[in-house]
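Please read the structure below before turning to the comments.
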DNA sequence: CGAAAATATGGAGACTGTCTCCACTTGTCA
DNA sequence: TGACAAGTGGAGACAGTCTCCATATTTTCG
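Protein chains in written order, with this note's numbering: chain S, 10 to 201; chain V, 10 to 201.
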């Protein structure tokens with residue numbers, strides 16, 4: 010499902026318009042007010058076209074999510090190059106929270122749409138997890154972080170932050186989760 | 010929305026049947042295969058009755074969730090009475106993971122249904138959060154746990170565990186998240 | 001360049017699940 | 001037991017989703 014087809018010029022254009030419009034509406038938190046058909050009209054294409062490119066709302070979400078992931082991965086690589094591993098990890102995770110905070114609507118919409126088919130999230134997010142794995146592994150090599158916990162747990166914590174996006178004290182709590190994760194990663198003391 | 014109405018005998022009976030059947034189907038992971046109307050028939054009531062008691066799938070989820078929360082709170086209170094605070098907290102959190110593992114379907118279904126209206130989750134889960142707050146506060150008083158992070162962060166982490174219920178290595182990762190949280194709570198060292 | 005082949009478009013209308021409404025049944029209270 | 005309140009069920013109205021195909025656009029190739 011990654012690629013495989015060259016896609017005609019006008020088709021690619023329509024696809025791009027749909028994704029762009031979707032991202033815009035996601036971020037504005039207006040996506041769920043719309044009928045799927047109306048979304049098509051709003052993007053300036055017919056229903057048939059919409060459905061051919063994205064059979065479901067979730068498919069659309071996946072495409073938008075994939076774009077986000079690409080940007081985040083690039084950022085992870087950049088941090089990795091310019092900072093000590095442990096610090097890169099910390100800055101990256103704090104940055105994730107900041108990003109979700111700035112793009113509240115996007116985060117919330119993606120969380121809701123992916124709740125069912127989170128296999129799709131796992132799919133689109135594999136690259137992201139891979140980026141976190143790299144940051145983590147580097148920090149372990151530096152001896153800054155325990156080696157008995159891997160990226161999956163961190164992804165889960167991030168998932169929780171994203172999924173709980175409507176809690177009143179979201180930002181403070183999200184920051185606290187990151188603090189707990191980072192401190193928990195740092196001290197390999199006895200566990201329960 | 011808590012109570013307020015005495016509810017007639019047969020009405021209460023129907024309500025209970027609906028909740029019981031729902032829990033059963035949630036746990037079996039079969040709930041999403043059904044039309045809501047068919048669920049009514051399956052529970053042995055008419056559509057009208059179903060819709061009067063639970064206007065939406067989410068409302069039904071909320072009721073089921075509330076039942077779970079009650080049991081979990083009771084368990085928290087019991088642990089609190091029989092164990093040192095820090096240990097009670099640890100056992101409780103580990104027990105949550107175990108519970109979600111045993112009731113995978115239930116956890117998953119609730120997570121999906123509550124993804125949108127997680128205000129409802131916050132509502133029904135307030136008691137649960139309160140229970141965690143108590144466990145945490147007691148551990149802080151014992152000096153076993155830092156005092157600059159509160160229950161909200163822990164709830165978020167739990168939320169993440171529940172929401173990510175389809176990851177391949179779920180159980181191991183969930184256990185790791187709890188480990189990170191507990192260790193993170195234990196060592197009030199410098200944070201990033 | 002022009003025509004045939006391949007690919008993509010749009011939107012009318014079929015389809016499917018949701019939800020309302022109310023004539024009827026059951027429970028409650030004196 | 002009668003009378004009133006509360007609750008029930010399911011037929012049918014309604015709303016969103018999705019399919020289908022006649023038409024339009026792009027690409028390929030002589």
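We put the CB at the ideal spot given by N, CA and C, even for glycine.
In the structure shown, residue 112 of chain S falls within a coil segment according to DSSP collapsed to helix, strand and coil. Contact between residue 80 of chain V and residue 174 of chain V is ruled out by a C-beta separation of about 19 Å, above the 8 Å threshold. If you draw a straight line from the Cα of residue 61 of chain S to the Cα of residue 54 of chain S, it is about 11 Å long. Contact annotation: the stretch 91-101 of chain S does not touch the stretch 42-52 of chain S, with fewer than three C-beta pairs closer than 8 Å. Distance from the CA atom of residue 70 of chain S to the CA atom of residue 123 of chain V, rounded to whole angstroms, is 18 Å. With a threshold of 9 Å between beta carbons, residue 124 of chain V makes contact with chain S. Contact between residue 134 of chain S and residue 100 of chain S does not hold, since the beta-carbon distance rounds to 20 Å and is not under 8 Å. Across the structure, residue 57 of chain S and residue 75 of chain S are spaced so that their CA atoms are roughly 23 Å apart. Residue 191 of chain V and residue 193 of chain S have their C-alpha atoms spaced approximately 7 Å apart. Within the same chain, and ignoring the five residues on either side of residue 34 of chain V in sequence, the residues whose Cβ sits closer than 6 Å to its Cβ are 40. Residue 149 of chain S and residue 156 of chain S do touch by the CB rule: their CB atoms are close to 5 Å apart, below 8 Å.
Using a Cβ-Cβ distance cut-off of 8 Å, the stretch 182-191 of chain S and the stretch 16-30 of chain V are not in contact, since fewer than three pairs of beta carbons, one from each stretch, lie closer than that value. Excluding sequence positions up to five before and after residue 169 of chain S, its CB lies within less than 8 Å of the CB of 186, all in the same chain and listed in chain order.
Ranking V:29, V:126, V:30 and V:167 by CA distance to the CA of residue 138 of chain V puts V:167 first. If you ignore the 5 residues before and after residue 176 of chain V, its C-beta comes within less than 7 Å of the C-beta of 182, all in its own chain and listed in chain order.
Contact with chain S is found for residue 159 of chain V, since one of that chain's Cβ atoms lies less than 9 Å from the residue's Cβ.
Residues of chain S whose Cβ lies closer than 9 Å to the Cβ of residue 135 of chain V do not exist, since the nearest Cβ in that chain is about 11 Å away. For residue 165 of chain V, the chain S residues whose C-beta falls within less than 9 Å of its own C-beta are 166, 169, 170, 172, 173, 176, 179, 182, 183, 185 and 186, listed in chain order. Contact with chain S is absent for residue 149 of chain V, since none of that chain's Cβ atoms lies less than 9 Å from the residue's Cβ.
The stretch 140-199 of chain V is shown to contain whole alpha helix (DSSP H) runs of 4 or more residues at 160-172 and 179-195, in chain order. Setting aside the 5 residues that flank it on each side, residue 37 of chain V is surrounded in the same chain by 114, each with a C-beta closer than 8 Å to its C-beta; the list follows chain order. Apart from the 5 residues on each side of it in sequence, residue 88 of chain V sits with its Cβ closer than 6 Å to the Cβ of 97, 100 and 101 in its chain, given in chain order. When 9 Å is used as the limit between beta carbons, residue 194 of chain V is near these residues of chain S: 189, 192 and 193, in chain order.
Judged by DSSP secondary structure, residue 42 of chain V falls outside any alpha helix (DSSP H); it is assigned neither H nor E. Minimum Cα-Cα distance from residue 158 of chain S among the listed residues V:32, V:189 and V:179 corresponds to V:189.
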